[in-house]
Amino acid sequence: MRIILASPESKVWSSRKHIPLGLGYLAAVLREAGHEVMIYDASIEDVPVTYYLQQAQEAGRPYRLIGITATTPLIQDAWEMAATAKQYGLTTILGGPHLTIMPAESLGPEHPYVDYTFKGEAEHGIVEFVAALEAGKKPELQDIPGLNFRHKDEVIVSPVSPMIEDLDSLPFPAHDLFKIDRYTNLQPLTDGLDPHARAFTILTSRGCPYKCTFCSKPVTGDTWRGRSVDNVIAEWRWLVKELQATEIGVTDDIWNLKLPRAKELCRRLIAEGLNTVPWITVHGMKVNHTDAELFQLMKAAGARRVGFGVENGDPWMLKHIIRKGQALDMVRNAFRWAKAAELQTMGFFIFGMPRDTEETMEATIRLALELDPDLANFMLAAPFPGTKMWDMIQEEGNVFAHDWGDLAIHDAKARFTINDGVYDPDLVVRKWREAYRRFYLYRPRRVWEKVSKKSFWLDLPGTLANARRFFLGTEDQTADVHEAAQPA
Ligand code: B12
Ligand code: SF4
């Protein structure tokens with residue numbers, strides 16, 4: 359069957375473009391099952407999806423199915439894409455994080471163009487689903503875990519698709535199907551400036567046993583499942599030797615949960631000569647499960663940058679509200695060891711968690727200044743459904759968001775309040791802006807480091823737009839610069 363797997367335009371994530379790896383996994387299993395698959399990622403395409411649908415129809419080889427992925431802030435775009443595809447007669451199925459949390463919403467009467475949704479990891483389910491369609495059977499009658507559909511006036515939500523235990527049993531993602539030259543480079547310190555970057559990402563494990571209150575991990579879940587080092591190395595070798603990767607991003611929830619495995623991976627990258635291509639941990643890594651040797655090995659294995667989820671500078675907030683399972687001395691140690699190994703460092707900090715006050719946010723700014731990472735990413739707390747933080751706000755406050763798009767992490771606005779007589783959303787935004795100013799502007803050494811870099815002048819329009827947004831405040835909510843999503 360001819361299938362399009364699509365990622366909608368990321369209006370909430372404008373400058374940095376990374377491959378939608380989940381679709382790569384689905385493309386790989388479908389290809390293995392004999393289907394013809396195209397990956398359409400609206401964020402890097404010059405033409406709308408209708409161009410390919412039209413072209414295929416005119417050639418007499420129409421696409422039969424479109425599978426669309428969506429995170430929560432992108433669900434509106436996913437609906438629009440499904441509606442468009444429906445006009446071309448395609449069967450439509452939506453999957454990904456938002457559909458795992460809210461499988462029934464997209465099957466409501468306002469979305470008649472969505473035929474199916476899928477909850478959870480879909481490598482097994484999608485193959486069964488397509489086999490049923492191809493055989494002219496109704497997939498809804500096949501008892502496919504994870505598959506949700508309409509039946510008469512009812513929406514039937516099935517149990518979540520079971521997590522894949524043996525990740526080594528999966529084929530490697532279909533990296534070769536991505537138009538890789540169109541994606542931006544992964545290194546924020548040279549933000550997207552290498553027009554020739556071939557920046558791939560890799561998942562060495564799925565899941566994370568920690569339960570940070572702000573973190574949404576609906577698909578990969580709380581159970582950590584690691585691929586064998588051999589299996590990871592084989593994919594890494596493919597990326598480096600055959601697909602000419604120029605940089606690689608590890609996008610695990612927590613790649614270093616098992617410290618000996620993390621070290622072994624580094625040793626093997628060195629032994630196999632795969633350490634010539636720089637790599638980073640895209641969403642950071644956990645400060646727990648590290649030691650000085652790990653960072654030395656990472657450096658020798660080609661790692662360029664590590665990022666850490668620091669979140670807050672106040673120990674009470676860390677322990678009782680964020681529940682990150684890490685203490686400040688662990689944070690300090692990890693930064694110290696990473697710097698000693700001459701790795702670039704990045705820190706992720708969150709402003710405006712419930713109970714954050716002027717003092718706790720001040721402690722966060724001071725900690726950022728003390729740790730002094732090469733890049734500090736200050737984010738405003740975004741309550742995603744399914745998180746503990748979402749539940750706290752439902753109980754004690756109000757979410758301001760009008761629609762799911764309002765939850766985009768980089769929007770320059772507070773998204774909720776807590777009715778405890780202390781929490782002040784305006785103060786949160788003020789402190790967040792202050793953090794950027796104090797970290798990037800008010801320190802002459804840092805300003806000099808920035809302006810003395812070629813990249814600063816090459817990307818001057820982008821830099822000025824971001825400066826306006828972070829330092830002055832602006833209506834423009836589409837900006838970008840830094841890394842996204844949840845740090846480990
Ligand atoms: C890498 C990553 C990124 C990268 C690349 C994103 C991309 N283009 O794919 C970057 C940095 C660009 C990024 C950006 C954002 N991200 Co992000 N990201 C991740 C991360 C760490 C890994 C994604 C991944 O590869 N997962 C592994 C694969 C195997 O899983 P998967 O993609 O979910 O796909 C599986 C299933 O969902 C399902 N599936 C997926 N699509 C489809 C489609 C169909 C038809 C079917 C049947 C099944 C199906 O099958 C797949 C295989 O099992 C996740 C955390 C996580 N653990 O998932 C966060 C995560 C997905 N991101 C998140 C968010 C919020 C964002 C942003 C919206 C941030 C923002 N600006 O506000 C943007 C939006 C970008 C976008 N296009 O959606 C949240 C989503 C939460 C939610 N409720 O939706 C997550 C869960 C992080 C978190 N803990 O909060 N992200
Ligand atoms: S933020 Fe990181 S450590 Fe915390 S639960 Fe999410 S993935 Fe795990």
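For the sequence shown, the numbering used here assigns the number 359 to the initial residue and increments by one for each residue that follows.
Note that the Cβ used here is the ideal one computed from N, Cα and C, for glycine as well.
Please read all numbers here as calculations on a predicted model, not as lab measurements.
Provide the residue span of the alpha helix (DSSP H) that contains residue 749, from first to last. Element bounds for residue 749: 746–754.
Applying the 10 Å Cβ sphere with the 16-neighbour rule, what's the burial state of residue 762? buried
Measure the Cβ-Cβ separation of residue 699 and residue 644 and say whether it is below 8 Å. Against a cut-off of 8 Å, the Cβ pair of residue 644 and residue 699 comes out as no contact.
Candidates 719, 415, 414, 393: closest to residue 486 by CA position: 393
Which residue's Cα is closest to the Cα of residue 727: 748, 749, 690? 690
Please name the residue, chosen from 429, 476, 469, 438, that lies closest to residue 451 on a Cα-to-Cα basis. The shortest C-alpha separation from residue 451 is found at 476.
DSSP three-state assignment for residue 365, whether helix, strand or coil: strand
Measure the CB-CB distance between residue 425 and residue 361 and report whether it falls below 8 Å. Between residue 425 and residue 361, the gap from beta carbon to beta carbon is short of 8 Å.
If you scan the region 759–795 from start to end, which runs of the alpha helix (DSSP H) of 4 or more residues do you find wholly inside it? 783–794
When we look at the beta-carbon of residue 541 and count the other beta-carbons within 10 Å, is it buried (16 or more) or exposed? When all chains shown are included, residue 541 counts as buried.
I need the DSSP call for residue 398, collapsed to helix, strand or coil. strand
Among the candidates 395, 430, 434, 406, whose CA atom is the shortest distance from the CA of residue 421? Of 395, 430, 434, 406, the residue nearest in Cα terms is 395.
Residue 648, buried or exposed, once every other Cβ within 10 Å from all chains shown has been counted against 16: It counts as buried.
Below 8 Å, how does it come out for the region 714–733 and the region 665–678: are there three or more Cβ pairs, yes or no? yes
For residue 758, count the other beta carbons within 10 Å of its own beta carbon; 16 or more makes it buried, fewer makes it exposed. Which is it? exposed
Given the structure, does residue 580 come close to the ligand B12, in the sense that its CB is under 7 Å from one of the ligand's heavy atoms? no
Euclidean distance between Cα positions of residue 572 and residue 415: 45 Å
Helix, strand or coil for residue 601? Go by DSSP, reduced to three states. coil
Would you say residue 755 and residue 738 are within 8 Å of each other, going by their C-beta atoms? no
Neighbourhood of residue 492 by C-beta, 6 Å cutoff - its chain only, sequence neighbours within 5 removed: Taking C-beta separations shorter than 6 Å and ignoring five residues to either side along the sequence, the partners of residue 492 in its chain run 359, following chain order.
Pick out the complete beta strand (DSSP E) segments inside the region 649–712, 3 residues or longer, and give them in chain order. Whole beta strand (DSSP E) segments, 3+ residues: 661–669, 702–709.
Under 8 Å: do the region 797–807 and the region 457–467 share three or more Cβ pairs, one atom per stretch? With a cut-off of 8 Å on Cβ pairs, the region 797–807 is not in contact with the region 457–467, counting fewer than three such pairs.
The ligand B12 and residue 575: does the residue's C-beta get closer than 7 Å to at least one heavy atom of that ligand? yes
Where the alpha helix (DSSP H) through residue 540 begins and ends: Here residue 540 belongs to no alpha helix (DSSP H), and DSSP marks it neither H nor E.
C-beta atoms of residue 742 and residue 765 nearer than 8 Å: Cβ distance < 8 Å, so residue 742 and residue 765 count as in contact.
If you compare alpha carbons, which of 740, 638, 419, 533 is closest to residue 703? Checked all of 740, 638, 419, 533; the closest Cα to residue 703 is 638.
Secondary structure of residue 734, DSSP reduced to three states: Strand.
In this structure, how does DSSP classify residue 642 when only helix, strand and coil are distinguished? coil
For residue 585 and residue 478, I'd like the C-alpha separation in whole angstroms. 19 Å
Nearest-angstrom Cα separation, counted from residue 604 out to residue 692: Straight-line Cα distance between these residues: approximately 27 Å.
Which first and last residues belong to the beta strand (DSSP E) in which residue 423 is found? 423–427
Could you tell me how far apart the beta carbons of residue 379 and residue 531 are, in whole angstroms, since I believe they sit closer than 8 Å? 6 Å
Can you give the Cα-Cα distance for residue 683 and residue 444, rounded to whole angstroms? 46 Å
Going by DSSP, name the residue or residues bridged to residue 385. According to DSSP, residue 385 bridges with nothing at all.
Determine which residues share a DSSP beta bridge with residue 757 and list them. According to DSSP, which records beta bridges pairwise, residue 757 is partnered with 774.
Is residue 777 buried or exposed, if buried means 16 or more other CB atoms sit within 10 Å of its CB? exposed
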